[in-house]
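Participant:
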Amino acid sequence: MSARSGGYIHDALFYGSDSDLIETSVKFFRDGATANESLVLGCTPEQNAAIIEAYGGDFPGRVVEAGESYRRAAETIVAYQRLIDSDVQRGAHGVRVVADVGIEANPDEWLRYEAIVNRALGPYPIWGVCVYDKRRVRREMLEAVRDAHPFVVEDGVREPNGGYLEPDVFLLKHAKTSRLPLEDEAPDVEMAEVRSLSALREAVAPITTLSGLPERDVTDFLYALNELATNALIHGGRPVRARVWVRPGRLLATVLDAGEGFTGSLAGYPDTARKPLRPGSGLQVVRRLCDQFDTYVTDEGFTARIRTGGGA
Amino acid sequence: VSVEHKQSSRPSAHWEGHLILLSRTDADSEVAVTSWVRAGLDARARIVYAEDAGRADGHAVVDILTRNGVDALAALVPSALERLPVAEFWAPGAIEAMCDEALSEGFASVRVLAVAADGVSELGEQGYLDAERGVDDLRTGRPLHALCRYAPGDIPDPVVAAGIAIHPGGVRETLFRTSRTDDALLISGEIDAHNDPLFGYFIEAVMDTAGGLVRLDFGDVTFIGVGGVRSIVRGSADFRSKGGTVELVHPSPDIVRLLRVLSVDELKGIEIRDGDS
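Chains as they are written, first to last, in this note's numbering: chain A, 26 to 337; chain B, 2 to 278.
1. Taking 8 angstroms as the threshold (C-beta atoms), are Ala147/B and Tyr129/B in contact?
2. For the pair the segment 242-260 of chain B and the segment 207-226 of chain B, tell me if three or more CB-CB distances fall below 8 angstroms.
3. Within 8 angstroms of any Cβ in chain B, is that where the Cβ of Glu285/A sits?
4. Near Ser3/B, what residues of its chain come up, given a Cβ to Cβ distance below 6 angstroms and the 5 sequence neighbours on each side ignored?
5. To which residues of the same chain is Ser237/B closer than 8 angstroms at the C-beta, ignoring the five residues directly before and after it?
6. Applying a beta-carbon distance threshold of less than 7 angstroms, which residues of chain A neighbour Glu191/B?
7. So Glu252/A contacts chain B; which residues on that side make the cut at Cβ distance below 8 angstroms?
8. Have a look at Arg150/B, Ala115/B, Leu74/B, Ile225/B and flag the residue whose alpha-carbon is nearest the alpha-carbon of Arg45/B.
9. Does His260/A pass the burial test, meaning 16 or more other C-beta atoms within 10 Å, or should it be called exposed?
10. Per DSSP, what kind of secondary structure is Ser111/A in: helix, strand or coil?
11. Within 10 Å of its beta-carbon, does Asn61/A have 16 or more other beta-carbons around it, so buried, or fewer, so exposed?
12. Within the same chain, show all residues whose beta-carbon is closer than 8 angstroms to that of Arg96/A, passing over the 5 residues directly before and after it, in chain order.
13. Buried or exposed, going by whether 16 or more other CB atoms sit within 10 Å of the CB of Ala166/B?
14. Does DSSP put Asp138/B in a helix, a strand or coil?
15. Can at least three beta-carbon pairs, one atom from the segment 263-283 of chain A and one from the segment 233-240 of chain A, be found at a separation below 8 angstroms?
16. What in chain A is Cβ-close to Ser264/B, meaning under 9 angstroms?
17. Taking only the alpha-carbon atoms, compute the straight-line gap between Leu66/A and Leu308/A and give it to the nearest angstrom.
18. May I ask you to check if the CB of Cys68/A is nearer than 7 angstroms to at least one heavy atom of the ligand SAM?
19. Give me whichever residues DSSP pairs with Arg303/A in a beta bridge.
20. For Ser42/A, which residues of its own chain have a beta-carbon under 6 angstroms away from its beta-carbon, when the five flanking residues on both sides are left out?
21. Does the Cβ-Cβ distance between Leu222/A and Asp193/B come in under 8 angstroms?
22. Run down chain A in chain order and give the residues with a C-beta less than 9 angstroms from the C-beta of Asp239/B.
23. Can you name the residues of chain A whose CB is closer than 8 angstroms to the CB of Asp255/B?
24. So, are the CB atoms of Arg312/A and Gly284/A less than 8 angstroms apart?
25. Find out if the Cβ-Cβ distance for the pair Ala169/A, Gly127/A is shorter than 8 angstroms.
26. Within the continuous alpha helix (DSSP H) that includes Asp218/B, where are the two ends?
27. At the level of alpha carbons, what is the spacing between Arg87/A and Leu64/A?
28. Identify whether Glu129/A lies in helix, strand or coil by the three-state DSSP scheme.
29. Cα-Cα, which of Arg39/B, Arg112/B, Phe240/B, Asp137/B is closest to Gly211/B?
30. Trp152/A by DSSP, collapsed to three states: which one?
31. Measuring alpha carbon to alpha carbon, tell me which of Phe246/A, Ala58/A, Val142/A, Leu281/A ends up nearest Ala99/A.
32. In whole angstroms, what is the alpha-carbon distance linking Ala57/B and Ala249/A?
33. Given Pro86/B, which residues of its chain have a CB within under 8 angstroms of its CB, disregarding the five upstream and five downstream residues?
34. Okay, do the segment 143-157 of chain B and the segment 106-126 of chain B touch, 3+ Cβ pairs below 8 angstroms being the bar?
35. I'd like the list of long-range same chain contacts for Phe224/B, defined as Cβ closer than 6 angstroms, with 5 residues on each side in sequence excluded.
36. State yes or no: is the C-beta of Leu42/B within less than 8 angstroms of the C-beta of Ala33/B?
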């Protein structure tokens with residue numbers, strides 16, 4: 026089987042030893058190289074080094090560190106779409122990836138990623154193997170991610186996963202969003218009714234720099250907040266309220282409106298094809314310019330929440 | 002590609018030329034009218050405004066100037082500020098006569114101020130728009146500046162769009178401005194959901210009259226949201242489909258990032274010139 030035979034192939038490798046990870050990865054990559062597929066290795070620096078050494082030292086593909094390419098799920102998906110398009114255009118028959126998404130760093134975001142990627146990369150000639158260390162990742166997390174993978178590799182055996190759940194079903198079961206503890210603290214900016222987007226930007230911009238986050242993250246957060254408030258003003262119910270919390274290394278904002286909101290946790294994730302400015306582009310910008318975007322409903326109304334920095 | 006900024010550094014230059022004022026609120030409009038009149042007085046201009054007598058709603062020009070302390074300034078120079086009834090102001094040949102008279106009396110230039118809704122009531126939509134185009138003709142060879150106050154909501158959208166098409170290099174919205182330089186249209190300020198429909202009219206107007214290349218200088222744009230980007234893409238779609246190119250020059254790094262997130266950099270006929278390319 027190769028990465029070009031019928032779109033996205035999405036495996037989970039549950040390994041119990043380093044040698045298990047290394048041997049499985051090396052064989053997978055050798056088969057890919059033989060089939061003229063491009064290769065991407067995206068595990069921890071130590072794992073990358075061990076796999077490359079076992080491969081023979083001259084690894085014929087891209088090597089990225091897990092944390093680098095797996096910060097924002099929507100960004101990661103688009104990066105893969107672009108990479109595959111580019112490699113196929115240059116003659117590759119497909120793309121093979123072995124990667125650690127680092128799920129424990131931000132379980133909500135990466136659980137969603139593991140589900141949505143089945144749809145977003147569906148037509149692309151890519152074979153991805155997501156690696157999970159059974160000694161390190163919590164059991165309930167392992168059980169959840171298993172549901173997002175159509176194939177499972179364990180103890181040297183690769184099998185179709187009978188318990189695989191389609192993205193919508195998976196998210197209903199596993200994507201739970203609730204208030205964060207910080208939301209119970211007094212916000213640093215509170216706008217009881219957002220009437221002017223420029224006034225909101227003007228109120229929030231000066232204090233966001235106090236987070237100490239890089240300028241680019243701060244600017245991206247403001248763009249994301251603007252689009253969230255725009256979405257609420259256009260599609261939600263008035264009044265639209267905004268709250269922002271600034272902590273060292275962390276920015277959090279909520280935009281509440283009196284409307285019914287939108288259902289589904291997939292809003293704003295990339296589609297299978299990159300079409301400029303398709304409907305929903307505002308939420309797509311939100312997903313890509315902040316670290317996490319969630320929605321939930323409380324007595325106060327529909328809440329859209331964004332966070333950058335500070336972990337989940 | 003290297004495109005130099007060519008905007009004048011004089012703040013009063015923001016208030017010269019044939020301008021369309023698209024203020025969102027009465028307060029914004031008041032600030033703009035006050036600044037425009039003050040700039041005219043500084044430039045030794047005679048200012049003539051179209052307004053019928055007896056306006057008592059607080060929006061009379063004289064009330065605006067009194068509230069902002071500019072009436073005293075105007076009183077220093079006799080006949081520097083004059084009111085004409087709307088019908089007289091828009092009568093054929095009136096503006097031309099105003100210019101000749103003011104210049105013969107020693108004024109350095111003439112500034113005319115009119116409310117679009119009043120003009121539309123007097124002349125009808127088409128008649129008013131024709132009169133506005135006539136102002137452009139009169140400006141050839143004359144030191145004539147004009148501020149046309151449009152209040153979106155008070156007049157139909159097609160008239161607002163046509164008005165913007167008459168002044169593509171002179172839009173003064175609450176948050177964004179446009180100016181024309183030798184080789185580009187310079188955009189300044191912020192574009193978000195509150196003003197992107199007006200920005201869209203501006204983009205469509207520019208594309209309607211463009212040759213093969215339109216250069217939009219984003220050097221002074223401090224913010225643009227997704228709606229503003231959509232206005233550029235949709236408003237230029239026909240122009241680009243016929244082989245035209247839109248160059249976005251001098252966008253800030255955060256605007257470049259937004260354009261790339263939206264895959265605008267992959268669209269045929271749009272080129273982003275951010276200094277690195």
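Backbone N, C-alpha and C define an ideal beta-carbon position, used for all residues, glycine too.
Facilitator: According to the structure shown:
1. Between Tyr129/B and Ala147/B, the C-beta gap is not smaller than 8 angstroms, which leaves the two residues out of contact.
2. Yes, the segment 242-260 of chain B touches the segment 207-226 of chain B.
3. Not closer than 8 angstroms to any Cβ of chain B, the Cβ of Glu285/A fails to qualify, so no.
4. Annotation note: pLDDT 33 at Ser3/B (below 50); position unreliable, coordinate value reported separately. Close CB contacts of Ser3/B within its chain, under the 6 angstroms cut and outside five residues either way in sequence, are absent.
5. Counting only Cβ-Cβ distances below 8 angstroms, and skipping sequence neighbours, we find Ile204, Met208, Val215, Gly245, Val247, Gly270, Ile271.
6. Those are Ser223, listed as they occur along chain A.
7. Those within 8 angstroms of Glu252/A in chain B are Gly226, Val227.
8. When each option's Cα is compared against that of Arg45/B, the closest is Leu74/B.
9. With fewer than 16 Cβ atoms within 10 Å of its Cβ, His260/A is classed as exposed.
10. Reduced to three states, the DSSP call for Ser111/A is helix.
11. Exposed, by the Cβ-count rule.
12. Contacts found: Asp316.
13. Label assigned to Ala166/B: buried.
14. Helix, per DSSP.
15. The segment 263-283 of chain A vs the segment 233-240 of chain A: in contact.
16. Result: Val103, Arg299, Lys300, Pro301, Leu302.
17. When rounded, the distance between both Cα atoms is 30 angstroms.
18. In the structure shown, the ligand SAM is absent, as is every other ligand, since no ligand is present at all.
19. Arg303/A is not bridged to any residue.
20. Result list for Ser42/A: empty, nothing under 6 angstroms.
21. Here Leu222/A is near Asp193/B, since their CB atoms are less than 8 angstroms apart.
22. Below the 9 angstroms Cβ cutoff, chain A contributes no neighbours of Asp239/B, its closest Cβ being approximately 16 angstroms away.
23. The contacting residues are Arg241, Thr244, Asp245, Tyr248.
24. No, they are not a contact pair.
25. Gly127/A sits away from Ala169/A, with the two beta carbons spaced by 8 angstroms or more.
26. No alpha helix (DSSP H) holds Asp218/B; the beta strand (DSSP E) holding it covers 214-225.
27. Cα to Cα, the separation comes out at about 6 angstroms.
28. Under the three-state reduction of DSSP output, Glu129/A falls in the helix class.
29. The question names Gly, but residue 211/B is Ala in the sequence shown. Looking at the Cα atoms, Phe240/B is the closest of the given residues.
30. Note: Trp152/A maps to strand in three-state DSSP.
31. For the options Phe246/A, Ala58/A, Val142/A, Leu281/A, the alpha carbon positioned closest to that of Ala99/A is the one of Val142/A.
32. Cα to Cα, Ala57/B sits roughly 45 angstroms from Ala249/A.
33. The residues are Ala51, Glu52, Asp53, Ala54.
34. Pairwise C-beta distances place the segment 143-157 of chain B in contact with the segment 106-126 of chain B, as three or more of them are shorter than 8 angstroms.
35. Same-chain partners within the cutoff: Glu191.
36. Between Leu42/B and Ala33/B, the gap from beta carbon to beta carbon reaches 8 angstroms or more.
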